[in-house]
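Participant: Structure provided below as structure tokens; questions to follow.
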Amino acid sequence: MPIRFELNGLPTDIDCAADRRVIDLLREDLGLFGTKEGCGTGECGACTILVGGEARLACLMLAAQLAGRQVTTVEGMTHTPDGAVLAQAFVEEGAVQCGFCTPGMQMAALAMLRQNANPSREAIREGLSGNLCRCTGYVKIIAAVQRAARDISDERRA
Amino acid sequence: MTDRTPLCAGKPDLRGDATAKASGKERFAADHYPDLLLWAGAVRAGVSHARLKAVNTTDALAVPGVIRVLTCADVPGPNRHGIIHKDMPVLVDDRIRYPGDAVALVLAETREALREAVSLVRVESEALPAVFDPAAALAEGAPQLHETHPANTLMAAEIRKGDAAGALAGCDVVVAGEFSTQVQAHAFLETENGVARLAEDGSIDMVVSSQSPFRDRLEVGAALGIPFNKIRIRAPHLGGGFGGKDGATVQCLLAVAALHSAGRPVKMHWEREENLAAGYKRHACQLHYQLGARRDGTLQALICHLVYDTGAYAHLGGEVMELGMEHGGGPYRIPHVLVTGKCVFTNNPVAGAMRAFGVCQVTFAVEAMMDRLARELDLGPLELRRRNALSEGDTNCSGMRVITSTGIIGCLETLRLHPFWEQREEWKEQARPHTRRGVGLASVWNAAGYGGKVRDAAIAKVELTPEGTVVVHSAVADMGQGNSCAFMQIAGHVLGQDAAQLIVRQPDTATAYPSGSSAAGRTTYTFGNALIKACEELKARLINRAGLLFFIDSDQHLCLVPGKVVHPPSGRELSLQQIAGFMSQEDRVCISQFVAPVCDPVPDTATGFFIGFPHVIFAYGAHLARIEVDLLTGVIQVCDYLAVTDGGTVVNPVMFDQQVEGGVAQGLGYALMEEVVTREGRVLSDGLSTYLIPGAMDVPNIVSLAWQGHEATGPFGMKGVGEVAMNGPLPAVANALSDACGIHLQHAPLTPERVLMAMSAGSEEGCKGPAPPVESLGRSRASSVERPNAHTL
Chain A
1 MPIRFELNGL
11 PTDIDCAADR
21 RVIDLLREDL
31 GLFGTKEGCG
41 TGECGACTIL
51 VGGEARLACL
61 MLAAQLAGRQ
71 VTTVEGMTHT
81 PDGAVLAQAF
91 VEEGAVQCGF
101 CTPGMQMAAL
111 AMLRQNANPS
121 REAIREGLSG
131 NLCRCTGYVK
141 IIAAVQRAAR
151 DISDERRA
Chain B
159 MTDRTPLCAG
169 KPDLRGDATA
179 KASGKERFAA
189 DHYPDLLLWA
199 GAVRAGVSHA
209 RLKAVNTTDA
219 LAVPGVIRVL
229 TCADVPGPNR
239 HGIIHKDMPV
249 LVDDRIRYPG
259 DAVALVLAET
269 REALREAVSL
279 VRVESEALPA
289 VFDPAAALAE
299 GAPQLHETHP
309 ANTLMAAEIR
319 KGDAAGALAG
329 CDVVVAGEFS
339 TQVQAHAFLE
349 TENGVARLAE
359 DGSIDMVVSS
369 QSPFRDRLEV
379 GAALGIPFNK
389 IRIRAPHLGG
399 GFGGKDGATV
409 QCLLAVAALH
419 SAGRPVKMHW
429 EREENLAAGY
439 KRHACQLHYQ
449 LGARRDGTLQ
459 ALICHLVYDT
469 GAYAHLGGEV
479 MELGMEHGGG
489 PYRIPHVLVT
499 GKCVFTNNPV
509 AGAMRAFGVC
519 QVTFAVEAMM
529 DRLARELDLG
539 PLELRRRNAL
549 SEGDTNCSGM
559 RVITSTGIIG
569 CLETLRLHPF
579 WEQREEWKEQ
589 ARPHTRRGVG
599 LASVWNAAGY
609 GGKVRDAAIA
619 KVELTPEGTV
629 VVHSAVADMG
639 QGNSCAFMQI
649 AGHVLGQDAA
659 QLIVRQPDTA
669 TAYPSGSSAA
679 GRTTYTFGNA
689 LIKACEELKA
699 RLINRAGLLF
709 FIDSDQHLCL
719 VPGKVVHPPS
729 GRELSLQQIA
739 GFMSQEDRVC
749 ISQFVAPVCD
759 PVPDTATGFF
769 IGFPHVIFAY
779 GAHLARIEVD
789 LLTGVIQVCD
799 YLAVTDGGTV
809 VNPVMFDQQV
819 EGGVAQGLGY
829 ALMEEVVTRE
839 GRVLSDGLST
849 YLIPGAMDVP
859 NIVSLAWQGH
869 EATGPFGMKG
879 VGEVAMNGPL
889 PAVANALSDA
899 CGIHLQHAPL
909 TPERVLMAMS
919 AGSEEGCKGP
929 APPVESLGRS
939 RASSVERPNA
949 HTL
């Protein structure tokens, strides 16, 4: 079926099966490999994207559900002011190791920061609790999100 | 001269891979979708032990989009792979030895067709008696797995130093315990995958998520009878490895698929369920310990017996057990030691390499014994450890004189001065109602390198491109630990260059040179040493060629700065691009090699070992866990964690902490929640909702401190720290639990059920009682529904 949605700020028209998984649509049809698959069953969060500004799991969504929605993947996130600050905070705080969870982790963090611009460490832990990381122990990820919150609010003030 | 700052060993330079990963641009193996690809998938046996009779492919072949269904008849060559023992069939041709064995291989146009066809392949087999418990497998009359290994014994070995039995009898105090540890899964986020293609000249080109690209060539070549120079392996950045991608996972299957796909590329990507069912695991272990000391706290004797369950195939089981045995007495001076070990075949999933392989099992036992000894002696647990800790010049528990950097005492002293230790009593008193608090310690150590009788070597290649960029051809995979970033830092340091002037290529067997696996705490150490030499050679050439171009009779004042060679006395400079333009292709490439030191003379303490003993370099650490136990639910909350680590001189403090924090987190999962539950070899915890790993709310703040020594043999004085941190959390938390509640759990993981049962039974029961059978505990993971069609993974 033809589906029209907005992908990373650009109007996008595709024609695919209505029940195609969004993660396959993004990765295989549109070549956006930044959205990762770690489990395929909604348990690891590696495929987190933003749909209408909210964190959603691309492995549990079907193509038809995107119709008319605004979709942001990691490729688009890094071109937004807040997303670029967040990605830079991940880099500079050492929050990236193997990097396979990183895109999804950042998407979840970005959605959280939009809800809560100044989250406590505990709020960050809770906000990221749906995203598994096997490399870092989360210490530096939490530090990165705290720093991004600070840097984003500094930029807004400036 | 320049406003660019060269990279510098010892500084927290940013990881060179982080930006591409954070922006989603890094291409992992999983991100390769070549044009015209076919999907390949394995059909798993689904039965524990059986004689394969037939594979009926008719229904599967009838699925639209299915191209081929391959069986053992389609596998050329010996059809056996394995790192040490070639005992694992690519596709079963005779006996099924565990439910995850691959019996057929489907090639299909789409994943949907693949999935359907895999479920329609009918495996006909004749059941054989099976065995799942290592003790039962060792008993007379047990079903036998491999004719080559009588009594299901992959390896039986011992380390004998002094007269342990005699000395133990003479000890003032002896403590004893029986312990068990569970099967752990690596649970890397990028599951096993790769793509392969058969080229027109008959060679196979593979991009695969692998820790050992050069060994993969040998594995595929040996299994399929293909000359290894006809196989090219590329290993991009891995989405985690932890040992689980050391050894063939998809490689041989992909190569078979490529041989039958008429030149079309084939892609295989295991789903999480297949990863948990058929991927390699950490060995479950049973441990019997007796440790004795004099009244003054001097350790005298250790006798322990270890049984490792290696599952259906050898993989590195013998070497895993050897390493556990070598570490069996902890980082302490013990004059009399007897460690015996058996590594046993069962019809369980295959156990292989995993971070801290063999060692985290024994650390649980020996560190619990140390705490119990301290209580019996009325000594503090830290004091007992400090009094017996190894120093350079001592002989360790396996009889080797330690002559490399040995910082365990420094780590313990650093821990002693930390507020978590100094203020432990005040902290414990602040426990909330219905909770108790405890503080537990563990000393840890972990050998680096392959050990004796295995050449532990690397060959580094650096290349100056015609554009003046320096390319490091890494030959050891980066599974996320950042070794390739360390290589960039090392090359930048030696050559005076910044990140903008450097590129690290991930391993490609066509352009790099064999350098071993990314494993054993040897990756940065071994390749880094070779790289320093290669970079020094390149530096000398660049200086020399610049001198030539400057018409200078001495190299004395020439130096490398980012992007150029400068001659400060005359103010002249040449860009690296200009210099490269005057150099031939072969002149722009430098290659050097390094072989890691081995023990000489080898102590005569070990018998039954094949390779991998002894080791000469060890990382050390002292760990502390502060926990709060909920007396109503039995839940252990780890409130704070401290890890002090001796990794020699730290090359990059941030990457050092990353390894320690990640190791602690994985260790906390091992301590508290992770367990691969099986029934008759079938994995019941087959997803991330039943195989639980720590999330952001489960891991406390981890304080990582470096105790900086200097390892004279290491690049810039470093030692590998990828594994050592994994060893601490289980014993530290168990010891904290003893401190909090007076119960001594000896069976991991330390689940709420076990805590409650031990508390209700009283300390003695908790100490000596048998492990509650996991499936009777009514835990969510154990109650997952057994899949009747387990072969349709």
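So the sequences go chain by chain: A and B. Last residue of the first sequence? That's 158 in my numbering, and every number before it is there in order. Last residue of the second sequence? That's 951 in my numbering, and every number before it is there in order. C-beta atoms are modelled at their ideal positions from N, C-alpha and C, and glycine is treated no differently.
Please state the DSSP three-state secondary structure of residue 857(B).
Facilitator: coil
Participant: Just verifying my parser: in three-state terms, what is the DSSP assignment at residue 603(B)?
Facilitator: strand
Participant: When DSSP builds the beta bridges, which residues end up paired with residue 324(B)?
Facilitator: Its beta-bridge partners do not exist; DSSP assigns none.
Participant: Mapping DSSP to helix, strand and coil, what is residue 516(B)?
Facilitator: coil
Participant: Using a Cβ-Cβ cutoff of less than 6 Å, which residues in the same chain neighbour residue 783(B) once the five nearest sequence positions on both sides are dropped?
Facilitator: Residues of the same chain with a CB within less than 6 Å of the CB of residue 783(B), apart from the 5 flanking positions on each side, are 598, 796, 799, 890, 891 and 894 in chain order.
Participant: Compute the Euclidean distance between the alpha carbons of residue 611(B) and residue 484(B), then round it to the nearest angstrom.
Facilitator: 15 Å
Participant: Would you call the CB atoms of residue 600(B) and residue 525(B) closer than 8 Å?
Facilitator: yes
Participant: Count the other CB atoms, across all protein chains shown, that sit within 10 Å of the CB of residue 373(B); report buried if there are 16 or more and exposed otherwise.
Facilitator: buried
Participant: Compute the Euclidean distance between the alpha carbons of residue 534(B) and residue 331(B), then round it to the nearest angstrom.
Facilitator: Here the C-alpha atom of residue 534(B) lies approximately 7 Å from the C-alpha atom of residue 331(B).
Participant: So, residue 35(A) versus residue 103(A), is the Cβ gap smaller than 8 Å?
Facilitator: yes
Participant: Tell me, please, whether the CB atom of residue 98(A) is closer than 8 Å to any CB atom in chain B?
Facilitator: yes
Participant: Give a yes or no on whether 8 Å exceeds the smallest Cβ distance from residue 552(B) to chain A.
Facilitator: no
Participant: Identify the contact partners of residue 816(B) in chain A, using a Cβ-Cβ distance below 8 Å as the criterion.
Facilitator: Against chain A, a Cβ distance below 8 Å from residue 816(B) picks out 94, 97, 135, 136 and 140.
Participant: Looking at C-alpha atoms only, which residue of 805(B), 882(B) and 617(B) is the closest neighbour of residue 747(B)?
Facilitator: 617(B)
Participant: Taking all protein chains shown into account, decide if residue 144(A) is buried (16 or more other Cβ within 10 angstroms of its Cβ) or exposed.
Facilitator: buried
Participant: Would you mind stating whether residue 422(B) and residue 194(B) have Cβ atoms separated by less than 8 Å?
Facilitator: yes
Participant: Residue 207(B) and residue 254(B): beta carbons closer than 8 Å?
Facilitator: Their beta carbons are under 8 Å apart, which means residue 207(B) touches residue 254(B) by this criterion.
Participant: Using only CA atoms, which one of 301(B), 260(B) and 554(B) lies nearest to residue 414(B)?
Facilitator: 260(B)
Participant: Do you know whose CA, among 138(A), 134(A) and 117(A), lies nearest residue 156(A)'s CA?
Facilitator: 117(A)
Participant: Which residues does DSSP pair with residue 446(B) in a beta bridge?
Facilitator: 336(B) and 463(B)
Participant: Between the stretch 400-413 of chain B and the stretch 272-286 of chain B, do at least 3 Cβ pairs fall closer than 8 Å?
Facilitator: When Cβ pairs closer than 8 Å are counted between the two stretches, the stretch 400-413 of chain B is seen not to touch the stretch 272-286 of chain B, the count staying below three.
Participant: Taking the C-alpha atoms as reference points, what is the distance between residue 203(B) and residue 252(B)?
Facilitator: 12 Å
Participant: Verify the CB distance criterion: does residue 80(A) have a CB-CB separation below 8 Å to chain B?
Facilitator: no
Participant: Of all Cβ atoms in chain B, is any one closer than 8 Å to the Cβ of residue 125(A)?
Facilitator: yes
Participant: Please tell me whether residue 106(A) has its Cβ less than 8 Å away from any Cβ of chain B.
Facilitator: It does: the Cβ of residue 106(A) has a partner Cβ on chain B nearer than 8 Å.
Participant: Do you know how far the Cα of residue 295(B) is from the Cα of residue 301(B)?
Facilitator: 7 Å
Participant: For residue 126(A) and residue 496(B), I'd like the C-alpha separation in whole angstroms.
Facilitator: 48 Å
Participant: In terms of residues, what are the limits of the alpha helix (DSSP H) holding residue 825(B)?
Facilitator: Per DSSP, the continuous alpha helix (DSSP H) segment holding residue 825(B) begins and ends at 811-830.
Participant: Could you tell me which residues DSSP puts in a beta bridge with residue 786(B)?
Facilitator: In the DSSP output, where bridge partners are listed per residue, residue 786(B) has 595(B) and 795(B).
Participant: For chain A, is any of its Cβ atoms less than 8 Å away from the one on residue 310(B)?
Facilitator: No, its Cβ sits nowhere closer than 8 Å to a Cβ of chain A.
Participant: Taking the DSSP output, what are the residues bridged to residue 215(B)?
Facilitator: Looking at the DSSP assignment, residue 215(B) forms no beta bridge with any residue, so it has no partner.
Participant: Among 823(B), 318(B) and 587(B), which residue has its Cα nearest to the Cα of residue 461(B)?
Facilitator: 318(B)
Participant: Compare the Cα-Cα distances from residue 570(B) to each of 804(B), 228(B), 772(B) and 211(B) and report the closest residue.
Facilitator: Nearest of 804(B), 228(B), 772(B) and 211(B) to residue 570(B), Cα basis: 804(B).
Participant: With H, G and I counted as helix, E and B as strand and the rest as coil, what does DSSP make of residue 254(B)?
Facilitator: strand
Participant: Can you check DSSP and say which residues form a bridge with residue 852(B)?
Facilitator: Note: residue 852(B) sits in no beta bridge, so no partner.
Participant: Looking at C-alpha atoms only, which residue of 839(B), 272(B) and 814(B) is the closest neighbour of residue 220(B)?
Facilitator: The candidate whose alpha carbon is nearest that of residue 220(B) is 272(B).
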